[in-house]
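Numbering (the UniProt record's numbering), first residue to last: 1 to 133. In this text, a Cβ means the ideal position worked out from N, Cα and C, and glycines have one as well.
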Amino acid sequence: MGAVTPYGGGVATLHKGLLESRSALKFSEQLGFVVGAIPDGSVDFDRWSAGQKREMSRASQLALIAAEEAISTSNAQDLDHKDTLVNIGTGVADLLEIGRTTALVQNGQTRKVSPYFVPRILTNLPAGYVAMK
């Protein structure tokens with residue numbers, strides 16, 4: 001298994017948080033309501049270049065981090081990729097990305113909209129990145 005959750009990165013962190021009966025939900029000043037956000041600094045996003053980060057959504061990056069943990073802890077590195085399955089649940093597209101892009105369009109700055117906008121909000125793309133890896 002691999003996990004990146006509001007408790008932090010890794011299955012061990014998730015397990016510990018659940019055993020301690022801690023809530024991982026927190027109030028977000030930015031959004032104005034309670035969220036289950038990934039804590040800052042709990043996962044390493046520096047593994048990708050700036051170009052790769054522009055191309056991939058945060059959900060895709062988190063999915064790849066969790067998949068790397070799952071593969072390494074299951075000793076699945078040597079399996080034939082034809083014998084593997086990818087199953088990733090994504091509830092909602094990146095609402096911050098959608099909000100930023102909406103603001104650009106509303107302010108007449110359509111030329112600043114990223115060509116990666118649509119791929120970044122596709123909820124099935126994290127599974128696609130993991131499958132390609």
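**Classification of Ala50 by the beta-carbon crowding that lies within 10 angstroms, buried from 16 upward** = exposed
Straight-line CA distance for Gln109 to Ala103? 8 Å
My assumption, with CB atoms under 8 Å, is that Asp94 sits in contact with Ser57. Please give the rounded CB distance. 5 Å
Rounded Cβ spacing between Ile98 and Ile121 (contact assumed at less than 8 Å): 6 Å
Distance between beta carbons of Ala127 and residue 143, contact taken as under 8 Å
Nothing can be reported for residue 143, as the shown portion of the chain is limited to 1 through 133.
ask   = Expressed to the nearest angstrom, what Euclidean distance is found between the alpha-carbon atoms of Lys112 and Gln30?
value = 23 Å
Expressed to the nearest angstrom, what Euclidean distance is found between the alpha-carbon atoms of Ser28 and Pro6? 12 Å
Leaving out five residues before and five after Phe45 in sequence, what residues of the same chain have Cβ atoms less than 8 Å from its Cβ? Lys53, Gln61
Let's see if you can read the secondary structure: which residues bound the beta strand (DSSP E) around Lys26?
26-28
*Among residues of its own chain, excluding the 5 on either side of Ile71, which ones have a beta-carbon nearer than 8 Å to its beta-carbon?*
Gly2, Gln77
Ignore the nearest five residues each way along the sequence and tell me which others in Pro119's own chain have a CB closer than 7 Å to its CB. Leu125
Please name the residue, chosen from Tyr116, Ala37, Val43, Gly32, that lies closest to Glu68 on a Cα-to-Cα basis.
Val43
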